[in-house]
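**Q**
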Amino acid sequence: MASRLIRNRHVLGWVQALPLTAVLLGFLIAPIAMIVVVSFWGATEFSIYPAFQFDNYEFLFGSPVTYRVFGATLKYALITWALTLTIGFTVAYFLAFHVRSLTMQIALFLICTIPFWTSNIIRMISWIPFLGRNGIANQTLISWGMIDEPLEWLLYSDFSVILAFVHLYTLFMVVPIFNTMMRIDKSLLEAARDNGATGFQTLLHVIIPLTKPGIMIGTIFVVTLVMGDFITVRFMSGSQRANVGRLISNDIALLQYPSAAATAVVLLCTVLIVIAVMLRFVNIRKEL
Amino acid sequence: MSKPAKPKVGYSRRSLLKASGAALAASALPAPMLWAQDTKDIVLRQFGTGVSNLNDVANKVKEDLGFTLEMTALDSDSVTQRAATQPDSFDIADIEYWICKKVWPTGNLQAMDTSKITNYDKIVGIFRDGKLTPDSVIAQGTAPHSVGFVEGPGGTSFATGETGWMTLIPTIYNADTLGIRPDLIGRPIESWTELLNPEFRGKASILDISSIGIMDMAMVCEAMGEIQYGDKGNMTREEIDKTMAIFTEAKRAGQFRAFWKTFDESVNLMASGEVVIQSMWSPAITAVKSRGIPCVYQPLKEGYRSWGGGIGLSSSLSGMELDAAYDYINWYLSGWVGGYLMRQGYYSAVPETSKNFMSENEWGYWFEGKPATGNITSPTGDTLAQAGDVRDGGSFQERMGSVACWNAVMDENQYMVRKWNEFIAA
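Heads up: the sequence lines are chains W and D, in that order.
Going by this note's numbering, the residue at position 233 of the first sequence is 219; the numbering climbs one at a time, nothing skipped.
Going by this note's numbering, the residue at position 348 of the second sequence is 522; the numbering climbs one at a time, nothing skipped.
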């Protein structure tokens, strides 16, 4: 009787897990497996053929461009991460600890999400006329007498790419950090103050350690989004810069699917390694 | 997709009825109504680049021929991709000749019987024997006639002469050159070398479509005297390396403001003054001008880089749909579309039929290179030129007669593409 129950519970457990397993198998594992398989295939100009060859990887690792482009991708990710973290943390801190009333907190938080009501392509493209040679930014600076010549580096440069990234992705940092901050027990802050800690000490020794999981979740969002992006880099650099996403999209446009798949596999591994390293510092699961 | 094929007789009776303008009578009689119904139900799916996939054309087809034409506009790379990999997703492919060279070996397109093409004899020589006039020299690159014919239905390799079986029915073509902002440059521009002139540092652009961009690069390098190409349309690895080296150096020195990939991007770069000299397409010049901004499609002494597009039929087309597709092709060459496209600055494959759909002023301005006698407007109603203006580059013969090379796909295409990727990432 008892053993049957246990068995039944096992069966029940498996049945309950089945839908999710099926979804993950069909929409996550299978596509990735397919990409890995195709990355070993060969391609002619207009077709791909099954094979097991390392040509794609050989070319990828043999080309100095690959290293430069992966370098650029990591650079974008790192700078964007640092900026979104600084801004995101500040905004979340303000919302969580300076704004006293819950209504106000919710209202201000909703204001943060307003830019997300339009598509991110539009938010990105709207920077272009603003930053252009004859754009609003340059005209304003000239009329203030701060510069004589329009600043060329405002648009179609690393600056504009990172600016767009920060604009697009800061909210992904704000939300999880704000969320963890809201769950910090206020009595801990009072205790810190009672024990003579300055505001800065409280921030450093109480708030930051307790918001680590939120920071980490935000970091994962931002890093994966930036590393997987191709359209922002294309538009904001005027096609002058490249990241890994652009390599892949160029390959796909030219029907070089196996080569695109190989690049995608390497990118996937890179992102996984980056995340694994980050998770060494913070155990999200334990602290959630 | 395939519907039961109807007997030939019935089909021609239908066209007869239609031709005699008896549509009303037809719908009153039970049997012909059936045919009318069938034509109405036919849907042909066409895809191609934005230049000729126009909704106005689809509407006119519905009006004149009765069947529905569904249009999908894509960029050149996506067009190639689709023609090569998704043969069942289209009935009619509106592609360029260099794309045809790439796609034909896949067997996704079927050859067309020129005896069914009413105006075949009037198609300009460029698409038949490659010569505009009997003494023309054939330009380098993928010249349309070289991939325009196969030996017969089912032929997979291109024929050298007119065989009666065409791969693409030519529809639209033009001679491309650099676009400039005369107001911001302030001096005459005469050569392709100006694209890399340090005077325009940070104000130049080329297009980021490798197969076309490489040709513009080649025109520049050759004009600079840096490289002598055997055939710009079919470079050796060494020639590709040298070309890319020159442009990579220029890119690192900040010569380029941006690269563009879509029509709109090229228009915006030029109109906003970010760029004063760049590779450009004819209607993009028109679009800049219609905003009231001066822009010239500058003829250059080294000649033009030309391209041509045509309609290809999917190999899965048969029966009534195939007949409808031939009807469509014959209609396409009968003048209305030609007139529409010529008023945008392109050329039609059968100019003489287009003439009937253009005013004398328009024909004189666009085709003969004469000064306009009144306002020249685009098909959408924007004023493009005033009385007295002359088309950049002059007449059809002058422009198409100084083509230096055709858009091409090379034997070393894959190598070139990799090098292009490196150039973009450099």
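Even glycine gets a Cβ: it sits at the ideal position worked out from N, Cα and C.
1. Taking the beta strand (DSSP E) that residue 267 (chain D) falls in, what are its first and last residues?
2. Can you name the residues of chain D whose CB is closer than 7 angstroms to the CB of residue 55 (chain W)?
3. State yes or no: is the beta carbon of residue 581 (chain D) nearer than 8 angstroms to at least one beta carbon in chain W?
4. Which residues in the same chain as residue 205 (chain D) place their Cβ atom closer than 6 angstroms to its Cβ, once the five residues preceding and following it in sequence are excluded?
5. Would you grab the beta carbon distance between residue 558 (chain D) and residue 464 (chain D) for me? Rounded to a whole angstrom, and I think it's under 8 angstroms.
6. Can you name the residues that DSSP bridges to residue 533 (chain D)?
7. Could you name the residues that DSSP lists as bridge partners for residue 471 (chain D)?
8. Could you name each continuous alpha helix (DSSP H) segment of 4 residues or more that falls completely within the segment 382 to 435 of chain D, going from the start of the chain to the end?
9. Among W:216, W:80, W:186, whose alpha-carbon lies nearest the alpha-carbon of residue 164 (chain W)?
10. Determine the extent of the beta strand (DSSP E) in which residue 220 (chain D) is found, giving its start and end residues.
11. Can you pull the chain D neighbours of residue 135 (chain W), defined as C-beta to C-beta under 8 angstroms?
12. CB residue 600 (chain D) to CB residue 389 (chain D), shorter than 8 angstroms?
13. Give the C-beta separation of residue 484 (chain D) and residue 344 (chain D) to the nearest angstrom, bearing in mind that I take them to be a contact with Cβ-Cβ under 8 angstroms.
14. Taking one C-beta from the segment 259 to 270 of chain D and one from the segment 486 to 495 of chain D each time, how about it: are there three or more such pairs within less than 8 angstroms?
15. Please state the DSSP three-state secondary structure of residue 476 (chain D).
16. For residue 66 (chain W), which residues in the same chain have their Cβ closer than 8 angstroms to its Cβ, ignoring the five residues on either side in sequence?
17. What residues from chain W crowd round residue 479 (chain D), counting only those whose CB sits closer than 8 angstroms?
18. What residues from chain W crowd round residue 437 (chain D), counting only those whose CB sits closer than 8 angstroms?
19. What residues in the segment 236 to 254 of chain W have a beta carbon less than 7 angstroms from any beta carbon of chain D?
20. Nearest-angstrom Cα distance between residue 146 (chain W) and residue 101 (chain W)?
21. CB residue 346 (chain D) to CB residue 486 (chain D), shorter than 8 angstroms?
22. I want to see whether chain D comes within less than 8 angstroms of residue 142 (chain W), judged by CB atoms only; does it?
23. Are the C-beta of residue 233 (chain W) and some C-beta of chain D separated by less than 8 angstroms?
24. Looking only at its chain, what residues have a beta carbon closer than 8 angstroms to the beta carbon of residue 561 (chain D), apart from the 5 residues adjacent to it on each side?
25. Going by DSSP, name the residue or residues bridged to residue 323 (chain D).
26. What are the boundary residues of the alpha helix (DSSP H) that includes residue 368 (chain D)?
27. Does DSSP classify residue 243 (chain D) as helix, strand or coil?
28. Would you decide whether residue 130 (chain W) is buried or exposed? Buried here means 16 or more other CB atoms lie within 10 Å of its CB.
29. Please compile the residues from chain D whose C-beta is within a distance smaller than 8 angstroms of the C-beta of residue 51 (chain W).
30. Residue range of the beta strand (DSSP E) that residue 451 (chain D) falls in?
31. What in chain W is Cβ-close to residue 448 (chain D), meaning under 7 angstroms?
32. Could you tell me whether the Cβ atoms of residue 228 (chain D) and residue 366 (chain D) are closer together than 8 angstroms?
33. Under the rule that 16 or more other beta-carbon atoms within 10 Å means buried, what is residue 122 (chain W), buried or exposed?
34. Cα separation between residue 353 (chain D) and residue 51 (chain W)?
**A** Let's see:
1. 266 to 270
2. 599
3. no
4. Residue confidence for residue 205 (chain D) is low, a pLDDT of 41 falling below 50, so the modelled location carries little weight; the figure read from the coordinates is stated next. So no residue of the chain qualifies.
5. 7 angstroms
6. DSSP lists no partner for residue 533 (chain D).
7. D:353
8. 384 to 398, 411 to 426
9. W:80
10. 217 to 223
11. The contacting residues do not exist; residue 135 (chain W) stays about 11 angstroms from chain D at best.
12. no
13. 5 angstroms
14. yes
15. coil
16. 148, 151, 152, 155, 208, 212
17. Ordered by position in chain W, no residue passes the 8 angstroms Cβ test against residue 479 (chain D), which lies about 20 angstroms from the chain.
18. The premise fails here: residue 437 (chain D) is roughly 14 angstroms from chain W at the closest Cβ pair, so nothing lies under 8 angstroms.
19. 236, 239, 240, 241
20. 18 angstroms
21. no
22. yes
23. yes
24. 545, 546, 547, 548, 549
25. D:340
26. Residue 368 (chain D) -> no alpha helix (DSSP H), and no H or E assigned at all.
27. strand
28. exposed
29. 595, 596, 599, 600
30. 451 to 453
31. 118, 119
32. no
33. exposed
34. 31 angstroms
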